[in-house]
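Please read the structure below before turning to the comments.
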Amino acid sequence: MITDKTNKIIRFEDGSEIYLEDFFNSNYLKFNSFAFNYLADKNECEDIVQDVFMSFWEQKKTFPNLISIKAYFYTSIRNMCLNSIKHDLVKQKYFQESKYKIESTEFFLEGILRKEANGIIYDAINKLPLMEKKVLLLSLKECSNEQIANELNIKINTVKTHKSRAYQVLRKKLGNLILTMITLNKSFFYNSAN
């Protein structure tokens, strides 16, 4: 457990920061549960998660935002679990059973990261002014600017202005990576937000 809060601060590229202890406490069980999807040994899962936390702190890398840190943790935990599985395969020769776990990890990891990212994006969109929120949600439904203008009874240039302001706010809060995800996954995001 982490005890000295004053020297253990995670700083993001945008200047914001969180305490490592708070990050540890709010994510430790999630990370253990994630590791348990790969390994049946609870103690080994806890060891791996603790090793990743220690490695993270010792490396002192900078990250653009909280999502990228979580992605680092999920990827590191997954890789350590896969290394453990590979080691067990050599010792116990259970290759066929573990092969399925290894092949399905990418899909599983992507689902977790996408769900967390979508939750953060949806929260940010909900904090937008009402008209910008409406315009952006209709845009995510792949409505054209003309369709949005007709539905909201506003001019097309007003739609463009609201959309531009909404994306500026989201870009400032979430970074370009999250906006790229919105653009590439409109239908998935809209379905998960409802």
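Residues 63 to 256 (my numbering) are what the sequence shown spells out, left to right. All C-beta atoms in this analysis are idealised placements derived from N, C-alpha and C, irrespective of residue type, glycine included. Remember, predicted model here, so these are calculated numbers, not experimental data.
Same chain, Cβ closer than 7 Å to residue i, neighbours up to 5 away in sequence not counted
i    : result
C107 : N94, A97, F98, L101
F74  : F125, P126, N127
I218 : N207, E208, A211
K163 : Y100, I147
S201 : I210, K225
Own chain partners of residue i with C-beta closer than 8 Å, once the 5 adjacent residues on each side are dropped
i    : result
E194 : H224, K225, R227, A228, V231
Closest by C-alpha distance to residue i, when choosing among the options
i    : options                : result
R176 : A133, L200, S166, H149 : A133
E120 : I72, E208, N105        : I72
L171 : D185, L199, F135, E79  : F135
K70  : K234, K203, D84        : D84
D185 : Q112, S78, K235        : K235
V111 : C143, I80, G237        : C143
R233 : L192, K196, I187, K104 : I187
N105 : L82, S146, K122        : S146
S138 : K153, L151, T167, V152 : T167
Y90  : P191, D76, S78, M116   : M116
Three-state class that DSSP yields for residue i in the structure shown
i    : result
E79  : strand
I216 : coil
N188 : helix
E204 : coil
S103 : Here residue 103 turns out to be Asp, not Ser, going by the sequence shown. Three-state DSSP puts D103 in coil, outside helix and strand.
G173 : helix
G181 : helix
Any C-beta of chain D under 8 Å from that of residue i
i    : result
Q209 : Absence of chain D from the displayed structure is noted, only one protein chain being present.
Residues that residue i bridges to, as DSSP identifies them
i    : result
I71  : Y81
F125 : F74
Close-in-space but distant-in-sequence residues of the same chain around residue i (CB under 6 Å, 5 per side omitted)
i    : result
I216 : none
I131 : F125
V221 : V197, N207, I210, A211
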